[in-house]
Amino acid sequence: MKEFYDKPIYAVTNYMIGFCLSSIYLAICNILLILFIILTAISPDNFSFLLLFICLIPFGPSLGALYSTIGKIIREKDIYFSSVFWNSYKKNFLSNLKLWLTELILITIFFIDFRYFYVNMPQTGIHIIIASLIVILLVAGLYAFSINSRFELKLKDLIILSLYFMIKKFPTTILKVIVLALAYYLLKSVSIVFLIFVPSIVCTIFTYYNKDIFREVENKFRSHVQDHLK
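Following full-length UniProt numbering, the numbering of the sequence shown begins with 1 at its first residue and continues without gaps.
Here you go:
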């Protein structure tokens, strides 16, 4: 029996089940957002910006839990996906929620400003600057949730660290944007059966991209602890 569990086919099947379950759990956590998107697609006139904001709130903690689960799959190979996802969701709920609300509120404010300047004063070009700030926030979030899934940091330190790595690892940042663009294309083009794997696949790719970042942060923590012990 042990030989079966050691075979690559078992590992691949286990990963696929894990990715599928993790994505299903992500969908369950964001059922309000999914319903909002479906209802808005059916009746665009009923779109509500405030309702969208409310429906987006659960996304942050669930994304953080997905990052934690995928990271543990990569590090430990064989885990109990369900328990890891929900334990991570509960354990890091407040830190992920705090991070996500900060990002979501800033994006909302910038988006309102963008609409105002784009409609009323397009000649000033201020809307382009605001759009750039929104992009920076979104890209920094790609680093922030991944780092937050591995390390306990204050919100201010987490944001600064995310911006630092976004600039320092600029080629990786570009690759992440390309991956997101490809994922968006897949969401529009492939069978709905495949869609359930997309969030986990994207998080897996980003986690592999962030291996050097995790190593660097771990080394900083280690040197910081050693300095205090001297």
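Yeah, the Cβ is synthetic: ideal placement off N, Cα and C, and Gly gets one too. The structure displayed is predicted, hence computed values, not measured ones.
Leu153 - DSSP class collapsed to helix/strand/coil: The sequence position of residue 153 within the sequence shown is 153, counting from 1. DSSP places Leu153 in the coil class of the three-state scheme, outside both helix and strand.
Classification of Glu103 by the beta-carbon crowding that lies within 10 angstroms, buried from 16 upward: The sequence position of residue 103 within the sequence shown is 103, counting from 1. Under this definition Glu103 is a buried residue.
Same chain, Cβ closer than 6 Å to Ile213, neighbours up to 5 away in sequence not counted: In the sequence shown, counting from the first residue as 1, residue 213 sits at position 213. Closer than 6 Å at the Cβ level, and outside the excluded window around Ile213, lie Phe165.
Own chain partners of Tyr118 with C-beta closer than 8 Å, once the 5 adjacent residues on each side are dropped: Here residue 118 is taken as the residue at index 118 of the sequence shown, counted from 1. So the list reads His127, once near-sequence residues are dropped.
Where Tyr143 falls: helix, strand or coil (DSSP): As a working note, residue 143 is residue 143 in the sequence shown. Helix, per DSSP.
Of the residues Ile159, Val135 and Ile107, the one placed nearest Tyr143, counting alpha carbons only: By 1-based counting over the sequence shown, the position of residue 143 is 143. Relative to Tyr143, the option among Ile159, Val135 and Ile107 whose CA is nearest is Ile159.
Pro88 - containing alpha helix (DSSP H), residue span: The residue you call residue 88 lines up with position 88 of the sequence shown. Checking the sequence, you will find Ser at residue 88 rather than Pro. DSSP places Ser88 inside the alpha helix (DSSP H), whose first and last residues are Phe81 to Lys91.
Cβ-based burial, Ala41 [other Cβ within 10 Å; buried from 16]: On the sequence shown, residue 41 is found 41 positions in, with the first residue counted as 1. Around the beta carbon of Ala41, a 10 Å sphere encloses fewer than 16 other beta carbons of the protein chains shown; the residue is thus reported as exposed.
Nearest residue (CA-CA) to Ile201, options Phe53, Pro61, Leu32 and Ile73: Numbered from its first residue, the sequence shown carries residue 201 at position 201. Among Phe53, Pro61, Leu32 and Ile73, the Cα nearest to that of Ile201 is on Ile73.
Residue range of the alpha helix (DSSP H) that includes Gly125: The count along the sequence shown starts at 1 and reaches residue 125 at position 125. Gly125: not part of any alpha helix (DSSP H); DSSP gives it neither H nor E.
Cβ-Cβ separation, Ile147 to Leu137 (assumed contact under 8 Å), whole Å: Taking the first residue of the sequence shown as position 1, residue 137 is located at position 137. Taking the first residue of the sequence shown as position 1, residue 147 is located at position 147. Rounded to the nearest angstrom, the Cβ distance from Leu137 to Ile147 is 15 Å, too far for a contact under 8 Å.
Rounded Cβ spacing between Leu26 and Ser62 (contact assumed at less than 8 Å): The sequence position of residue 26 within the sequence shown is 26, counting from 1. The sequence position of residue 62 within the sequence shown is 62, counting from 1. Cβ atoms of Leu26 and Ser62 come within 8 Å of each other, at about 5 Å.
Buried or exposed (CB count within 10 angstroms, at least 16 for buried), Gly125: The sequence position of residue 125 within the sequence shown is 125, counting from 1. So Gly125 ends up on the exposed side.
Proximal residues to Gly60 (C-beta, below 8 Å), its chain only, five neighbours per side dropped: Counting from 1 along the sequence shown, the entry for residue 60 is found at position 60. Cβ neighbours of Gly60 beyond the five flanking positions: Asn96, Leu97, Leu99, Trp100, Leu101, Glu103, Leu104 and Phe145.
Cβ pair Pro58, Cys20 closer than 8 Å: Working through the sequence shown from its first residue, we reach residue 58 at position 58. Working through the sequence shown from its first residue, we reach residue 20 at position 20. Contact flag unset, no.
Buried or exposed by the 16-neighbour rule on C-beta atoms within 10 Å, applied to Phe85: Against the sequence shown, residue 85 aligns to sequence position 85. Phe85 should be labelled buried.
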